[in-house]
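Numbering (UniProt numbering), first residue to last: 1 to 253. Positions of the beta carbon are idealized from the N, C-alpha and C atoms, including for glycine. Since the structure comes first, as structure tokens, the remarks are kept for the end.
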Ligand SMILES: C[S@@+](CC[C@H](N)C(=O)[O-])C[C@H]1O[C@@H](n2cnc3c(N)ncnc32)[C@H](O)[C@@H]1O
């Protein structure tokens, strides 16, 4: 069960969803936890703007890749969160989007529970739905898209996962949201077309959502690899494909 912070001085960890980057898409609960935090662990993807809600005396710890420095290992992040919480601190671990979606929350929850530290998840708006909102579209459409699926394009070694369910991913009645797929999507697109998904399937890439550098790359499934190669996006990319995306994003791209 979720454990809200208590007022008796017991340490506590909150995994807080930062949403897609726009500070006004934080939830009220996220702002409340940030304001109350003694220690905030944050990374690049979650964005710095939300740190304006931190108390002046809060300890801010960057745990993402910064200035070419590698990010701390997951075990080190777990250790930091737990050791501060055991000192009686209110610890906030900020995560981009929603903490329950491709954010390694499970490892942090298990580590905190194993250490006997109360932990809470504060949900955030995932980049997948925020990208749809930015594009002004719905991920589901009556009689067109009856299913939404979220998938990672990135295995532990950075390659396209070899055990993806290609039949599900090639379902023409689904809208698929691909996380961490910038480098591997061209290979995935080829596999999907080979599996029978139309090469004309509308595909939209939203880069660096919620920042001034937001860019949209749109095209068909067969065109998108060349468009990605030409645009060379540097920021994080949310890739959406499916019939529900017909006509979406081309006016922005
Ligand atoms: C580690 S996952 C985090 C997902 C996050 N928990 C969520 O719910 O959106 C990182 C991936 O999320 C997507 N992402 C995160 N922030 C993004 C942003 N500002 N713009 C576009 N995609 C983003 C990208 O696919 C990126 O590779």
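Are the Cβ atoms of residue i and residue j separated by less than 8 Å?
{"i": "residue 121", "j": "residue 25", "result": "no"}
{"i": "residue 20", "j": "residue 97", "result": "yes"}
{"i": "residue 93", "j": "residue 38", "result": "no"}
{"i": "residue 246", "j": "residue 202", "result": "yes"}
{"i": "residue 228", "j": "residue 161", "result": "no"}
{"i": "residue 80", "j": "residue 51", "result": "no"}
{"i": "residue 236", "j": "residue 45", "result": "yes"}
{"i": "residue 54", "j": "residue 34", "result": "yes"}
{"i": "residue 30", "j": "residue 5", "result": "no"}
Between the Cα of residue i and those of the options, spot the shortest distance and give me the residue it belongs to.
{"i": "residue 101", "options": "18, 33, 174, 53", "result": "18"}
{"i": "residue 199", "options": "184, 213, 171", "result": "171"}
{"i": "residue 87", "options": "13, 157, 204", "result": "13"}
{"i": "residue 250", "options": "226, 225, 206, 233", "result": "206"}
{"i": "residue 2", "options": "9, 248, 188, 15", "result": "15"}
{"i": "residue 103", "options": "113, 144, 127, 83", "result": "127"}
{"i": "residue 240", "options": "193, 226, 216, 30", "result": "216"}
{"i": "residue 114", "options": "142, 82, 143", "result": "82"}
{"i": "residue 191", "options": "209, 164, 173", "result": "164"}
{"i": "residue 221", "options": "209, 138, 188, 208", "result": "188"}
What is the DSSP secondary structure of residue i, reduced to helix, strand or coil?
{"i": "residue 179", "result": "strand"}
{"i": "residue 81", "result": "helix"}
{"i": "residue 232", "result": "coil"}
{"i": "residue 186", "result": "helix"}
{"i": "residue 251", "result": "coil"}
{"i": "residue 204", "result": "strand"}
{"i": "residue 227", "result": "helix"}
Buried or exposed for residue i, please, with buried defined as at least 16 other CB atoms from any protein chain shown within 10 angstroms of its CB.
{"i": "residue 182", "result": "buried"}
{"i": "residue 43", "result": "buried"}
{"i": "residue 147", "result": "exposed"}
{"i": "residue 68", "result": "Note that residue 68 scores a pLDDT of 49, beneath 50, so its modelled location is shaky; the value from the coordinates is reported in the next line. The residue is exposed, with fewer than 16 neighbouring Cβ atoms inside 10 Å."}
{"i": "residue 60", "result": "exposed"}
Using a threshold of 7 Å, is the CB atom of residue i nearer than that to any non-hydrogen atom of ligand 1?
{"i": "residue 43", "result": "no"}
{"i": "residue 119", "result": "no"}
{"i": "residue 137", "result": "no"}
{"i": "residue 209", "result": "yes"}
{"i": "residue 64", "result": "no"}
{"i": "residue 101", "result": "yes"}
Does residue i come within less than 8 Å of chain C when only Cβ atoms are used?
{"i": "residue 119", "result": "Absent from the structure: chain C. Only one protein chain is present."}
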